[in-house]
Amino acid sequence: LQWAGSFSHSEWGDWRGIWLERPAPVSTLSLLNDSSSSSLFERRWPDQCVRCAVVGNGGILRGSKQGRAIDSHQFVIRVNGAITKHFEEDVGTKTSFYGFITNTMKNSLNFYRKDGFTKRVRYIFIPSNERDYVMMSAAIQGLTVTSGHDKGDWYQHFKMLHPDFITFVTQRLLDHYYLLLTLMTLYMPSTGALMLLTALHICDQVSAYGFITKNFADFSDHYCDAVMLPLRFYANHDMQMESWLWEVLHARKVMSLYKRTKVK
Numbered sequence: 359l360q361w362a363g364s365f366s367h368s369e370w371g372d373w374r375g376i377w378l379e380r381p382a383p384v385s386t387l388s389l390l391n392d393s394s395s396s397s398l399f400e401r402r403w404p405d406q407c408v409r410c411a412v413v414g415n416g417g418i419l420r421g422s423k424q425g426r427a428i429d430s431h432q433f434v435i436r437v438n439g440a441i442t443k444h445f446e447e448d449v450g451t452k453t454s455f456y457g458f459i460t461n462t463m464k465n466s467l468n469f470y471r472k473d474g475f476t477k478r479v480r481y482i483f484i485p486s487n488e489r490d491y492v493m494m495s496a497a498i499q500g501l502t503v504t505s506g507h508d509k510g511d512w513y514q515h516f517k518m519l520h521p522d523f524i525t526f527v528t529q530r531l532l533d534h535y536y537l538l539l540t541l542m543t544l545y546m547p548s549t550g551a552l553m554l555l556t557a558l559h560i561c562d563q564v565s566a567y568g569f570i571t572k573n574f575a576d577f578s579d580h581y582c583d584a585v586m587l588p589l590r591f592y593a594n595h596d597m598q599m600e601s602w603l604w605e606v607l608h609a610r611k612v613m614s615l616y617k618r619t620k621v622k
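What follows is the structure, given as structure tokens:
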């Protein structure tokens with residue numbers, strides 16, 4: 359994670375121009391000065407086996423009855439809409455962390471608030487621009503955001519992924535040919551992929567629910583869809599490459615990927 363202890367001018371030499379011209383990242387990280395900011399959680403004892411569930415929003419979860427299994431994990435990480443109301447039997451009720459980039463969180467609050475999504479969860483920021491640091495600073499100080507598109511919002515309970523980790527995931531695990539083209543600024547691993555790979559780095563056992571599988575066409579785009587909708591692919595993510603990685607990690611028993619066949 360990114361916090362005050364992870365900042366140094368030598369480490370961030372490549373970003374020096376940004377730091378000097380835009381003070382928000384520096385001032386925000388200086389507020390993350392507690393050692394707890396360096397990790398998502400603390401183990402109760404050194405040999406504790408930490409089990410984490412990462413829950414996506416795939417339609418494969420509708421009718422799955424996996425809610426109890428999901429809630430049995432010590433930590434549950436959700437992304438995007440994170441709707442649980444009316445879908446408890448399939449997706450559970452427990453939320454330990456909510457992973458997001460600013461836009462996905464804003465969209466979730468705008469479109470899913472009526473479905474039970476609230477701000478009363480702990481958030482994991484995925485930084486992509488100065489806007490994220492401004493919001494983090496406001497959250498730490500218990501203030502509303504005072505400028506920009508998010509003026510008036512209030513947030514709390516935040517952690518922040520380290521840009522080095524995001525770069526590692528992007529360039530080594532989910533490398534896309536866009537990175538070699540002028541479209542490199544467009545591509546980024548999906549929020550679900552970043553949260554799942556975060557869990558794989560910090561948890562001892564990881565289970566993935568609601569992620570894309572080989573038979574994705576058998577299910578709706580999201581488990582909360584009122585009618586069957588096909589999975590949509592966007593240029594800024596490579597969901598099929600991510601799906602291939604999940605299948606490989608599942609086959610090698612690095613994690614457990616929830617799969618099922620379509621019920622006729």
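Residue 359 is where the sequence shown starts when you use our numbering, and the numbers rise one by one after that. Beta carbons: idealized from backbone N, C-alpha and C, even for Gly. Computed from a predicted structure; not experimentally measured.
Three-state secondary structure assigned by DSSP to Ala-427: Against the sequence shown, residue 427 aligns to sequence position 69. In the structure shown, Ala-427 sits in a helix (DSSP, three-state: H, G or I).
Local Cβ density within 10 Å of Ser-422, reported as buried at 16 or more and exposed below that: Here residue 422 is taken as the residue at index 64 of the sequence shown, counted from 1. Ser-422 is buried by the Cβ-count criterion.
Backbone secondary structure at Gly-421 - three-state DSSP: As a first step, residue 421 must be located in the sequence shown, where it is residue number 63. Assignment of Gly-421 by DSSP, reduced to helix, strand and coil, places it in the coil class.
Boundaries of the beta strand (DSSP E) in which Gln-563 is found, first to last residue: In the sequence shown, the residue the question calls residue 563 occupies position 205. Annotation for Gln-563: the continuous beta strand (DSSP E) segment containing it runs 563 to 567.
Separation of Ala-427 from Asn-594, as counted between CA atoms: Here residue 594 corresponds to residue number 236 of the sequence shown, with the count starting at 1. Here residue 427 corresponds to residue number 69 of the sequence shown, with the count starting at 1. Cα to Cα, the separation comes out at about 32 Å.
Selection from Met-546, Trp-403, Leu-419 that minimises the alpha carbon distance to Tyr-616: The residue given as residue 616 occupies position 258 in the sequence shown. Across the set Met-546, Trp-403, Leu-419, the C-alpha of Leu-419 shows the shortest separation from the C-alpha of Tyr-616.
N-terminal and C-terminal residue of the beta strand (DSSP E) that Ala-411 is part of: Here residue 411 refers to the residue found at position 53 of the sequence shown. Going by DSSP, Ala-411 is part of the beta strand (DSSP E) stretching over 409 to 413.
Simplified DSSP state of Gly-450, which is helix, strand or coil: Here the question's residue 450 lines up with position 92 in the sequence shown. In this structure, DSSP gives Gly-450 a state outside helix and strand, which the three-state scheme calls coil.
Where the beta strand (DSSP E) containing Val-318 begins and where it ends: No answer is possible for residue 318: the residues shown for the chain start at 359 and end at 622.
Reference Val-434; option with closest CA among His-444, Gly-417, Ile-482: Within the sequence shown, the letter at position 76 stands for residue 434. It is Ile-482 whose Cα lies nearest to the Cα of Val-434.
Residues that DSSP places opposite Tyr-545 in a beta bridge: Locating residue 545 in the sequence shown gives position 187, where the first residue counts as 1. Its beta-bridge partners do not exist; DSSP assigns none.
Validate contact between the segment 517 to 530 and the segment 594 to 611 using beta carbons, cut 8 Å, 3 pairs: The segment 517 to 530 makes no contact with the segment 594 to 611: fewer than 3 CB pairs, one atom from each, lie closer than 8 Å.
Cβ contact check for the segment 578 to 592 and the segment 558 to 565: 3 or more pairs under 8 Å: Under the 8 Å Cβ criterion, the segment 578 to 592 does not count as touching the segment 558 to 565, having fewer than three qualifying pairs.
Burial state of Thr-571, where buried means 16 or more other Cβ atoms lie within 10 Å: The residue labelled residue 571 in the question sits at position 213 within the sequence shown. By the 10 Å Cβ count, Thr-571 comes out buried.
Separation of Asp-522 from Leu-398, as counted between CA atoms: Locating residue 398 in the sequence shown gives position 40, where the first residue counts as 1. Locating residue 522 in the sequence shown gives position 164, where the first residue counts as 1. If you draw a straight line from the Cα of Leu-398 to the Cα of Asp-522, it is about 17 Å long.
Met-518: first and last residue of the uninterrupted alpha helix (DSSP H) it sits in: Taking the first residue of the sequence shown as 1, we reach residue 518 at position 160. Here Met-518 belongs to no alpha helix (DSSP H); instead the beta strand (DSSP E) covers 516 to 518.
Residues near Glu-605 by beta carbon distance below 8 Å, same chain, minus five either side: Locating residue 605 in the sequence shown gives position 247, counting from the first residue. Here the set comprises Thr-571, Lys-572, Leu-615.
Cβ pair Ala-445, Arg-480 closer than 7 Å: As a first step, residue 445 must be located in the sequence shown, where it is residue number 87. As a first step, residue 480 must be located in the sequence shown, where it is residue number 122. This sequence places Phe at residue 445; Ala is not what is there. Annotated as distal: Phe-445 and Arg-480, with beta-carbon spacing of 7 Å or more.
Straight-line gap, Asp-490 to His-520 (C-alpha atoms, nearest Å): For the purposes of this step, residue 490 is taken as residue 132 along the sequence shown, with counting starting at 1. For the purposes of this step, residue 520 is taken as residue 162 along the sequence shown, with counting starting at 1. Taking the straight line from one Cα to the other gives about 13 Å.
DSSP state of His-444 mapped onto helix, strand, coil: As a working note, residue 444 is residue 86 in the sequence shown. The answer is coil: DSSP assigns His-444 none of H, G, I, E or B.
Among Asn-415, Asp-405, Cys-410, the one whose alpha carbon lies nearest that of Cys-582: Residue 582 sits at position 224 when you count from the first residue of the sequence shown. Here the closest residue by C-alpha is Asn-415.
Three-state class that DSSP yields for Tyr-491 in the structure shown: Your numbering for residue 491 matches position 133 in the sequence shown. Helix at Tyr-491.
DSSP bridge partner residues for Ser-614 (one or two, in chain order): On the sequence shown, position 256 is the one that residue 614 refers to. Beta-bridge pairing by DSSP links Ser-614 to Ser-565.
For Phe-577, the three-state DSSP class (helix, strand or coil): For the purposes of this step, residue 577 is identified with residue 219 of the sequence shown, where counting begins at 1. It is coil, neither helix nor strand.
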